[in-house]
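**Student:**
Number of protein chains: 2
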Amino acid sequence: MKPIQVGLLGIGTVGSGVFNVLQRNQEEIRRRAGRGIEVTMVADLDVERARAVAGANVQVVNDARAVIANPDIDIVVELIGGYGIAKALVLEAIAAGKHVVTANKALLAVHGTEIFAAASAKGVMVAFEAAVAGGIPIIKALREGLTANRIQWIAGIINGTTNFILSEMRDKGLDFDVVLKEAQRLGYAEADPTFDIEGVDAAHKATIMSAIAFGIPVQFDKAYVEGITQLAGADIKYAEQLGYRIKLLGIAKRRSGADADGVELRVHPTLIPAKRLIANVEGAMNAVVVQADAVGTTLYYGKGAGSEPTASAVIADLVDITRLASADPEHRVPYLAFQPHTLDKAQAQLPVLPASEFATSYYLRLRVADQAGVLAKVTGLLAGAGISIDAVLQREADEVGGEGSTQTDLIILTHETREGTMNDAIAQMQALPTVLAPITRIRKEELN
Amino acid sequence: MKPIQVGLLGIGTVGSGVFNVLQRNQEEIRRRAGRGIEVTMVADLDVERARAVAGANVQVVNDARAVIANPDIDIVVELIGGYGIAKALVLEAIAAGKHVVTANKALLAVHGTEIFAAASAKGVMVAFEAAVAGGIPIIKALREGLTANRIQWIAGIINGTTNFILSEMRDKGLDFDVVLKEAQRLGYAEADPTFDIEGVDAAHKATIMSAIAFGIPVQFDKAYVEGITQLAGADIKYAEQLGYRIKLLGIAKRRSGADADGVELRVHPTLIPAKRLIANVEGAMNAVVVQADAVGTTLYYGKGAGSEPTASAVIADLVDITRLASADPEHRVPYLAFQPHTLDKAQAQLPVLPASEFATSYYLRLRVADQAGVLAKVTGLLAGAGISIDAVLQREADEVGGEGSTQTDLIILTHETREGTMNDAIAQMQALPTVLAPITRIRKEELN
Numbered sequence: 001m002k003p004i005q006v007g008l009l010g011i012g013t014v015g016s017g018v019f020n021v022l023q024r025n026q027e028e029i030r031r032r033a034g035r036g037i038e039v040t041m042v043a044d045l046d047v048e049r050a051r052a053v054a055g056a057n058v059q060v061v062n063d064a065r066a067v068i069a070n071p072d073i074d075i076v077v078e079l080i081g082g083y084g085i086a087k088a089l090v091l092e093a094i095a096a097g098k099h100v101v102t103a104n105k106a107l108l109a110v111h112g113t114e115i116f117a118a119a120s121a122k123g124v125m126v127a128f129e130a131a132v133a134g135g136i137p138i139i140k141a142l143r144e145g146l147t148a149n150r151i152q153w154i155a156g157i158i159n160g161t162t163n164f165i166l167s168e169m170r171d172k173g174l175d176f177d178v179v180l181k182e183a184q185r186l187g188y189a190e191a192d193p194t195f196d197i198e199g200v201d202a203a204h205k206a207t208i209m210s211a212i213a214f215g216i217p218v219q220f221d222k223a224y225v226e227g228i229t230q231l232a233g234a235d236i237k238y239a240e241q242l243g244y245r246i247k248l249l250g251i252a253k254r255r256s257g258a259d260a261d262g263v264e265l266r267v268h269p270t271l272i273p274a275k276r277l278i279a280n281v282e283g284a285m286n287a288v289v290v291q292a293d294a295v296g297t298t299l300y301y302g303k304g305a306g307s308e309p310t311a312s313a314v315i316a317d318l319v320d321i322t323r324l325a326s327a328d329p330e331h332r333v334p335y336l337a338f339q340p341h342t343l344d345k346a347q348a349q350l351p352v353l354p355a356s357e358f359a360t361s362y363y364l365r366l367r368v369a370d371q372a373g374v375l376a377k378v379t380g381l382l383a384g385a386g387i388s389i390d391a392v393l394q395r396e397a398d399e400v401g402g403e404g405s406t407q408t409d410l411i412i413l414t415h416e417t418r419e420g421t422m423n424d425a426i427a428q429m430q431a432l433p434t435v436l437a438p439i440t441r442i443r444k445e446e447l448n
Numbered sequence: 001m002k003p004i005q006v007g008l009l010g011i012g013t014v015g016s017g018v019f020n021v022l023q024r025n026q027e028e029i030r031r032r033a034g035r036g037i038e039v040t041m042v043a044d045l046d047v048e049r050a051r052a053v054a055g056a057n058v059q060v061v062n063d064a065r066a067v068i069a070n071p072d073i074d075i076v077v078e079l080i081g082g083y084g085i086a087k088a089l090v091l092e093a094i095a096a097g098k099h100v101v102t103a104n105k106a107l108l109a110v111h112g113t114e115i116f117a118a119a120s121a122k123g124v125m126v127a128f129e130a131a132v133a134g135g136i137p138i139i140k141a142l143r144e145g146l147t148a149n150r151i152q153w154i155a156g157i158i159n160g161t162t163n164f165i166l167s168e169m170r171d172k173g174l175d176f177d178v179v180l181k182e183a184q185r186l187g188y189a190e191a192d193p194t195f196d197i198e199g200v201d202a203a204h205k206a207t208i209m210s211a212i213a214f215g216i217p218v219q220f221d222k223a224y225v226e227g228i229t230q231l232a233g234a235d236i237k238y239a240e241q242l243g244y245r246i247k248l249l250g251i252a253k254r255r256s257g258a259d260a261d262g263v264e265l266r267v268h269p270t271l272i273p274a275k276r277l278i279a280n281v282e283g284a285m286n287a288v289v290v291q292a293d294a295v296g297t298t299l300y301y302g303k304g305a306g307s308e309p310t311a312s313a314v315i316a317d318l319v320d321i322t323r324l325a326s327a328d329p330e331h332r333v334p335y336l337a338f339q340p341h342t343l344d345k346a347q348a349q350l351p352v353l354p355a356s357e358f359a360t361s362y363y364l365r366l367r368v369a370d371q372a373g374v375l376a377k378v379t380g381l382l383a384g385a386g387i388s389i390d391a392v393l394q395r396e397a398d399e400v401g402g403e404g405s406t407q408t409d410l411i412i413l414t415h416e417t418r419e420g421t422m423n424d425a426i427a428q429m430q431a432l433p434t435v436l437a438p439i440t441r442i443r444k445e446e447l448n
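Keeping their order, the protein sequence lines are chains Y and R.
Oh and the first sequence: position 419 is 419 in the UniProt record's numbering, straight run, nothing missing.
Oh and the second sequence: position 118 is 118 in the UniProt record's numbering, straight run, nothing missing.
Set out below in structure tokens:
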């Protein structure tokens with residue numbers, strides 16, 4: 001059987017990886033797929049660079065639409081990124097009857113519903129293992145490996161840039177701004193790091209995982225997103241003293257019961273017990289923990305970015321598509337793990353909850369005057385709100401200013417409560433004259 | 001479309017889990033599979049117990065062959081275990097044109113070649129996610145998630161019983177025999193624990209993974225198997241002082257180069273750096289680390305045994321089969337990840353190596369007389385054999401016997417060497433009059 005023909009849209013970091021790994025491991029890949037997989041056409045604005053990577057046997061063009069129009073191309077791999085031209089090209093490739101592989105988490109988290117509907121109508125596959133956690137086969141685990149389970153929650157370190165920054169802040173006791181500059185110098189953070197450090201990238205990935213885990217449509221617009229830019233070194237240190245690490249987690253949690261039926265979809269810095277495996281995932285590495293009713297806790301760890309790790313995921317999709325290209329749609333795995341016609345009903349039954357409905361526990365840091373009665377006032381307010389306290393850490397007073405006035409940090413860990421309740425309690429505590437600075441609030445998850 | 005019909009051979013711990021999870025999550029599973037999956041017939045020698053689990057709507061028989069003979073049954077799930085009757089029944093089910101799901105690692109590691117050949121001839125699937133690492137979808141990750149890669153090595157904690165015992169020995173400073181009894185009392189070890197503690201179970205699983213990773217046939221008879229029964233508490237303590245943990249690992253490693261082209265397939269207690277994630281996998285949990293050329297290191301963690309974790313894997317296979325039952329064989333994933341007709345050639349090119357060809361580093365513990373010159377003699381012998389030393393730990397002498405004679409433990413960590421070379425060096429050291437007891441040798445892997 002002749003090789004399946006692949007066209008790459010974009011041959012930068014990931015595209016080069018795809019091309020090189022397909023070349024290097026072509027024999028092993030053919031032995032697995034039962035058929036050769038060949039990149040025969042590449043579109044890139046930088047035609048010279050593309051020629052340098054792809055060599056003389058590959059047709060290089062600067063117009064992505066020429067790849068889509070080529071009747072010999074079976075699979076289009078979209079590696080352009082973003083919501084703009086990438087969306088148009090993916091939809092055009094689908095309309096042309098091509099199968100599509102994409103690493104574009106932003107596109108799928110925002111426009112997935114439209115894209116999967118178009119693909120379903122044309123009977124083509126859209127595969128996206130590379131869109132979440134790079135080389136870790138987490139999409140396959142969720143879509144196929146855990147199909148027996150009712151998934152309860154997913155919590156993942158799914159952005160390498162922020163995990164690198166948090167690891168460095170903890171290891172070296174440095175502040176965010178300093179470490180960000182170092183990360184940019186080392187290539188772990190981009191020149192414009194906004195999507196990473198503000199949590200948007202992690203939220204794209206968490207959105208995709210929430211859909212696959214719970215059988216709901218992608219709903220990025222309803223995700224709660226909080227990055228790491230406001231995180232102080234002091235909080236990392238206090239968390240450590242209390243036996244916790246702070247990680248930027250993407251969380252998708254199913255809630256059911258008397259209070260609320262729905263899904264929490266949130267990205268934010270999170271205290272997690274230092275003894276958990278995921279708390280020990282350092283540097284730019286990724287890991288995803290999945291809690292499901294039959295299997296219990298499973299964890300998946302690996303490189304979440306980079307040329308060849310991401311290429312590993314793209315090529316796994318190419319192999320799957322090669323195998324199923326001539327099969328009926330019913331033989332294929334549904335795009336978002338669940339049969340598409342069931343998603344709307346699930347969305348109604350399992351809405352994405354607003355932040356005020358989150359149920360979690362909290363780390364609070366209050367800068368307070370070192371006076372008698374402050375702790376009693378603060379804990380009295382929490383008790384009045386029905387929030388119970390798990391632990392308190394009061395630092396020795398440090399002198400500031402003149403006239404003998406002193407301030408101190410008061411750290412409180414709470415048990416689980418409703419976020420709306422906590423917001424009200426924080427507003428009340430903030431109004432106390434002995435609370436001298438904005439209160440720091442970081443969510444805490446036990447992940448057990 | 002009417003539900004796919006499943007017959008269970010055996011409804012003990014795992015079978016009950018399969019039945020219960022399929023019932024409890026039937027709606028979610030149907031939404032994923034696109035079709036209902038129902039257990040409609042069960043064979044178990046204990047018909048009463050089977051009826052109690054399966055209820056009145058399921059046909060219960062005491063003859064497994066009645067399930068295989070039932071033309072309405074699409075998939076037979078073999079949960080009997082062992083090489084005997086299970087093998088006959090699996091082959092009969094295949095001959096009857098049934099798809100087969102099995103959790104039987106022993107059967108596949110020993111008779112896999114025959115079973116897969118029979119299945120291939122009949123055009124039926126044989127799926128076995130539950131055979132390795134219980135609920136962790138490691139077979140799927142290796143067969144499908146990492147298809148882009150040339151896999152270099154796999155190292156796994158793939159036997160929960162022995163990991164529980166080793167964790168307890170380390171935590172509580174207890175000896176093997178004491179902990180084994182505790183494990184049996186708690187249900188973590190069977191009344192006859194031989195297959196677990198002697199490493200046979202782990203070797204079955206490592207054998208299956210070696211085939212899927214490297215595209216070779218299952219060759220359990222060539223596996224090197226060493227259990228944990230000889231492991232002393234002292235070695236766990238010394239390892240800890242040197243920054244290592246001791247775990248029973250199943251290892252499959254590709255070797256290529258001037259010295260040897262082949263596969264190391266081995267199960268034995270192993271020192272691994274305490275800072276590795278897998279070194280912190282405690283109790284009965286399982287984890288598998290995979291090193292591959294494109295993706296780098298990935299790790300998969302979860303429950304390796306138990307009713308519902310194992311059922312999770314069995315049902316994932318049922319969903320895959322449900323989806324592909326009416327597809328052509330070419331649309332399915334090859335049994336051992338690689339096209340069957342390519343395995344024999346690979347076996348010739350990549351033979352399983354004898355133990356003397358292993359390349360690894362070592363932990364050695366020598367009980368020596370506390371005399372001047374002993375360390376020089378021992379290190380001189382190692383140098384003469386071309387084995388270089390990484391670290392030495394000499395304990396203070398402890399008094400034994402009368403007349404002021406003293407003994408001490410000498411611990412040596414070596415760099416990588418050939419096992420045959422190490423065997424010779426150990427024989428020479430053992431012959432020294434100042435070496436007072438059999439030398440302890442434990443292999444060491446950095447896993448980086």
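Note that beta-carbon positions come from the ideal geometry of N, C-alpha and C, so glycine has one too.
Bear in mind that the values here come from a model prediction, so they are computed numbers and not experimental data.
Would you please verify whether the beta carbon of Y:K172 is less than 8 angstroms from any beta carbon of chain A?
**Tutor:** The structure shown contains no chain A; its protein chains are Y and R.
**Student:** Check R:T434 in the structure and name its three-state DSSP category.
**Tutor:** coil
**Student:** At the level of alpha carbons, what is the spacing between Y:Y244 and Y:D235?
**Tutor:** C-alpha of Y:Y244 to C-alpha of Y:D235: approximately 10 angstroms in a straight line.
**Student:** Less than 8 angstroms between CB atoms is the rule here; does R:H204 satisfy it with respect to chain Y?
**Tutor:** no
**Student:** Can you find a CB in chain Y that lies within less than 8 angstroms of the CB of R:N423?
**Tutor:** no
**Student:** Where DSSP assigns a beta bridge to Y:T440, which residues make up the other side?
**Tutor:** Y:R365
**Student:** With a 10 Å radius around its C-beta and 16 neighbouring C-beta atoms as the bar for buried, classify Y:S356 as buried or exposed.
**Tutor:** exposed
**Student:** Would you mind telling me which residues of chain R sit closer than 8 angstroms to Y:S312, beta carbon to beta carbon, in chain order?
**Tutor:** Within chain R, the residues near Y:S312 are L146, A148, N149, A292, A294, V295.
**Student:** In the structure shown, what three-state DSSP assignment does R:T322 receive?
**Tutor:** Correct three-state label for R:T322: helix.
**Student:** What are the start and end residues of each continuous beta strand (DSSP E) run of 3 or more residues lying completely inside the stretch 60-96 of chain R, in chain order?
**Tutor:** Whole beta strand (DSSP E) segments, 3+ residues: 75-78.
**Student:** Which partner residues of Y:G306 appear in the DSSP bridge assignment?
**Tutor:** In DSSP, Y:G306 forms no bridge with anything.
**Student:** Relative to chain Y, which residues along the UniProt domain "ACT" (363-444) of chain R have a C-beta separation below 7 angstroms, given in chain order?
**Tutor:** Residues passing the 7 angstroms Cβ filter: none.
**Student:** For Y:H331, go through chain R and note every residue whose CB falls closer than 7 angstroms to its CB, in chain order.
**Tutor:** Here the neighbours are R323, L324, A327, H331.
**Student:** I'd like to know whether the C-beta atoms of Y:R395 and Y:T414 end up nearer to each other than 8 angstroms.
**Tutor:** no
**Student:** Give the DSSP-derived three-state secondary structure of R:Q241 in the structure shown.
**Tutor:** Under the three-state reduction of DSSP output, R:Q241 falls in the helix class.
**Student:** Identify each residue in the stretch 273-292 of chain Y for which the Cβ-Cβ distance to at least one residue of chain R is less than 7 angstroms, and report them in chain order.
**Tutor:** The residues in question are L277, N280.
**Student:** My assumption, with CB atoms under 8 angstroms, is that R:A316 sits in contact with R:E129. Please give the rounded CB distance.
**Tutor:** 6 angstroms
**Student:** Take R:S167 as the anchor and find which of R:Q428, R:E240, R:A103 has the nearest alpha-carbon.
**Tutor:** R:E240
**Student:** Hey, Y:Y335 and Y:A119: beta-carbon distance below 8 angstroms or not?
**Tutor:** The beta carbons of Y:Y335 and Y:A119 sit closer together than 8 angstroms.
**Student:** Work out the CA separation of Y:D72 and Y:T13 for me, nearest whole Å.
**Tutor:** For Y:T13 and Y:D72, the distance between alpha carbons rounds to 25 angstroms.
**Student:** Which bits of chain Y does R:N25 rub up against, with CB to CB less than 8 angstroms?
**Tutor:** Going along chain Y in sequence order, the residues near R:N25 (Cβ under 8 angstroms) are A148, N149, R150, D293, A294.
**Student:** If we define contact as Cβ-Cβ less than 8 angstroms, is R:Y301 a contact residue for chain Y?
**Tutor:** yes
**Student:** With DSSP as the reference, label R:L9 as helix, strand or coil.
**Tutor:** strand
**Student:** Taking the C-alpha atoms as reference points, what is the distance between Y:G250 and R:A64?
**Tutor:** Rounded to the nearest angstrom, the two C-alpha atoms are 47 angstroms apart.
**Student:** Would you identify the three-state DSSP class for Y:V110, choosing helix, strand or coil?
**Tutor:** helix
**Student:** Of all Cβ atoms in chain Y, is any one closer than 8 angstroms to the Cβ of R:E308?
**Tutor:** yes
**Student:** Taking R:E264 as part of the beta strand (DSSP E), name the residues at either end of that continuous run.
**Tutor:** Under the DSSP assignment, R:E264 falls in the beta strand (DSSP E) whose first and last residues are 262-273.
**Student:** So, at 7 angstroms on beta carbons, what are the nonlocal neighbours of Y:P217 in its own chain, with the 5 sequence-adjacent residues on each side left out?
**Tutor:** T113, A211, L343, Q347
**Student:** At a Cβ threshold of 8 angstroms, is R:P351 touching chain Y?
**Tutor:** Not closer than 8 angstroms to any Cβ of chain Y, the Cβ of R:P351 fails to qualify, so no.
**Student:** Between which two residues does the alpha helix (DSSP H) carrying Y:G380 extend?
**Tutor:** Looking at the DSSP string, the run of the alpha helix (DSSP H) that includes Y:G380 is 374-384.
**Student:** Can you tell me whether DSSP reads R:K122 as helix, strand or coil?
**Tutor:** Three-state result, R:K122: helix.
**Student:** Quick check on R:A103: buried or exposed, where buried means 16 or more other Cβ atoms within 10 Å of its Cβ?
**Tutor:** With 16 or more other CB atoms across the displayed protein chains lying within 10 angstroms of its CB, R:A103 is buried.
**Student:** For the stretch 19-47 of chain R, which residues have a beta carbon sitting closer than 8 angstroms to at least one beta carbon of chain Y?
**Tutor:** V21, L22, R24, N25, E28, I29, R31, R32, A33, G34
**Student:** Given that R:T342 touches chain Y, what residues does it touch there, using C-beta distances under 8 angstroms?
**Tutor:** R31
**Student:** Tell me whether the beta-carbon of R:V77 lies closer than 8 angstroms to the beta-carbon of R:V101.
**Tutor:** yes
**Student:** How many angstroms separate the CA atom of R:A427 from the CA atom of R:E198?
**Tutor:** 24 angstroms
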